[in-house]
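Peer 1: Numbering (the numbering used here), first residue to last: 12 to 112. All C-beta atoms in this analysis are idealised placements derived from N, C-alpha and C, irrespective of residue type, glycine included. All figures in this text were calculated on a predicted structure; none of them were measured in a lab. Please read through the structure below; I'll follow up with questions.
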């Protein structure tokens with residue numbers, strides 16, 4: 012009876028998590044391309060994109076960075092965030108399957 016509702020909610024949940032994972036990956040790639048000179052923050056469109064990515068990822072990455080500082084200049088917080096999101100996604104999906112089988 013609730014299967015269509017649960018399926019729809021899981022689909023929305025998985026889509027939102029997947030899109031956020033994509034945003035985190037784009038932010039990481041952008042952070043590599045700016046120092047290489049491939050992306051110029053002087054360009055208005057690039058600056059807007061960088062600000063958007065920063066606004067979407069920094070509130071979540073900042074607490075992780077406090078707990079896990081960078082090692083030799085390498086920031087592992089995006090990896091921790093991506094693994095955490097994947098674990099949450101699998102736990103929620105597994106719990107839903109367990110409840111409605």
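(1) Whose C-beta lies closer than 8 Å to the C-beta of residue 14 among residues of the same chain, with five residues either side of it excluded?
(2) Between residue 83 and residue 64, is the Cβ-Cβ spacing less than 7 Å?
(3) Kindly list the residues whose CB is nearer than 6 Å to the CB of residue 50, restricted to its own chain and excluding five residues on each side of it in sequence; keep chain order.
(4) Strictly by DSSP, which residues pair up with residue 85?
(5) How far does the alpha helix (DSSP H) with residue 19 in it reach, from first residue to last?
(6) Residue 104 by DSSP, collapsed to three states: which one?
(7) Near residue 89, what residues of its chain come up, given a Cβ to Cβ distance below 6 Å and the 5 sequence neighbours on each side ignored?
Peer 2: Inspection of the coordinates gives the following:
(1) Its chain contains 111 as the residues whose beta carbon lies nearer than 8 Å to that of residue 14, once the 5 sequence neighbours on both sides are disregarded; these appear in chain order.
(2) No, these two residues do not count as a Cβ contact at 7 Å.
(3) Result list for residue 50: 44, 57, in chain order.
(4) Listed as beta-bridge partners of residue 85 by DSSP are 82.
(5) First-last of the alpha helix (DSSP H) with residue 19: 14 to 47.
(6) Shown here, residue 104 sits in a helix according to DSSP, grouped into three states.
(7) For residue 89, where only same-chain residues beyond five positions count, the Cβ hits under 6 Å are 35, 39.
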